[in-house]
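Below is one structure, written out as structure tokens; the observations come after it.
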Amino acid sequence: MTLKTFTLKALASLLLMALGGWIAWLWLTLAGPTAGMSRFKTLEPLAIEGQASAALPVGTVLYHDTSFAEGHSRYLAYFYHKGVIAQEALPKVFWPGQASISPLWLWNIDTEQASDKTAITREDIVAAVQAGQFSRQELAIIVEALPH
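If you use my numbering, the sequence shown corresponds to residues 5 to 152, in order.
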């Protein structure tokens, strides 16, 4: 193989990779799962329905999927996760006529009530220390953040 042939093959390969990357970017932005959906960043935490109390933090980006005649809307959110998620495979059809899952509900959090519910007690800190969940540096940060 001559130098000219090698150079042409390398340039053609780079051009094809760049074209493939551009097509992938175009698909994700124009025809991806969130194409045409408006998106916004939350300005306050939102409580998530479930057994344990959980909340979407301020600044979570939500994509508006659809609104319903009953007065509520459905949103999509994306999350990163490291590790393995304990999961159970779901059938494609849950019962006749339904082809999708039932989303969880979100609601606005009253910040005054939330601070009462999320107050850390001395027992919570003692239990976390005994379980070895925090390093000394993390404990120092927690203690400094506690109200005096």
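For each residue, glycine too, the CB sits at the ideal point set by N, CA and C.
In this structure, the alpha-carbon of Thr11 lies about 15 Å from that of Met21. Looking at Pro37, Gly25 and Trp111, the one whose alpha-carbon comes closest to that of Pro61 is Trp111. When the Cα atoms are used, Arg43 and Tyr67 turn out to be separated by approximately 4 Å.
Leu80: member of the beta strand (DSSP E) spanning Ser77 to Leu80, first to last residue. For the 9 Å CB-CB criterion, Leu108 and Gly54 form a contact.
For Leu66, the secondary structure class from DSSP, reduced to helix, strand or coil, is strand.
Rounded to the nearest whole angstrom, the C-alpha separation of Pro37 and Thr70 is 13 Å.
The C-alpha of Phe83 lies about 47 Å from the C-alpha of Lys8.
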